[in-house]
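As structure tokens, the structure follows; a few thoughts come after it.
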Amino acid sequence: MLYYIKKIVSIHDYAISCLFNTGEVRIIDLKDTVERYKIINDGLISELADKEYFKSVQLDSYGTLHWNNGVDFDPDNLYKTSKSYIAPI
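Everything in the sequence shown is counted per the numbering used here, starting at 55 for the first residue and increasing by one.
This is the structure we're talking about:
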């Protein structure tokens, strides 16, 4: 199955809750990725370390997360590395 994001639900720090085409809401935590690239200052992903810039994420026409500097991630990988959201009772 090919996974894609239908909607960004919420953003908290470096975690983005997304509704996938499976009907699941899953949490994509990019904190480790952002911190790793911040250390090497790659000039693209390291820009996401700015929390305000990180929050500017958008959903592109391919169903994945996208920032204006050109950074995006493969939606299949995002699905596979995300965690299922369990709503509080």
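Heads up, the beta-carbon is just placed ideally off N, CA and C, and yes, glycines get one too.
**Asked** Got a sec? Which residues, its chain only, sit under 7 Å from Leu-56 by beta carbon, not counting five neighbours each side?
**Response** Numbered from 1 along the sequence shown, position 2 holds the residue referred to as residue 56. Answer for Leu-56: Asp-130, listed in chain order.
**Message:** Report the CB separation of Val-111 from Leu-119 in whole angstroms; it is logged as a contact under 8 Å.
**Reply:** Mapped onto the sequence shown, residue 111 falls at position 57. Mapped onto the sequence shown, residue 119 falls at position 65. Their Cβ separation, rounded to whole angstroms, is 5 Å, which keeps Val-111 and Leu-119 in contact under 8 Å.
**Message:** Using the Cβ count rule (16 or more neighbours within 10 Å means buried), how would you classify Tyr-107?
**Reply:** The sequence position of residue 107 within the sequence shown is 53, counting from 1. Burial call: exposed.
**Prompt:** Candidates Tyr-133, Ile-140 and Lys-137: which alpha carbon is nearest Asn-75's?
**Reply:** Position 21 of the sequence shown, counted from the start, is the residue given in the question as residue 75. Checking every option, the nearest Cα to that of Asn-75 belongs to Tyr-133.
**Message:** Which residues does DSSP list as the beta-bridge partners of Lys-61?
**Reply:** Along the sequence shown, read from residue 1 onward, the residue named residue 61 stands at position 7. Leu-73.
**Asked** With a Cβ-Cβ cutoff of 9 Å, do Leu-102 and Leu-84 count as a contact?
**Response** As a first step, residue 102 must be located in the sequence shown, where it is residue number 48. As a first step, residue 84 must be located in the sequence shown, where it is residue number 30. The answer is yes: Cβ separation under 9 Å.
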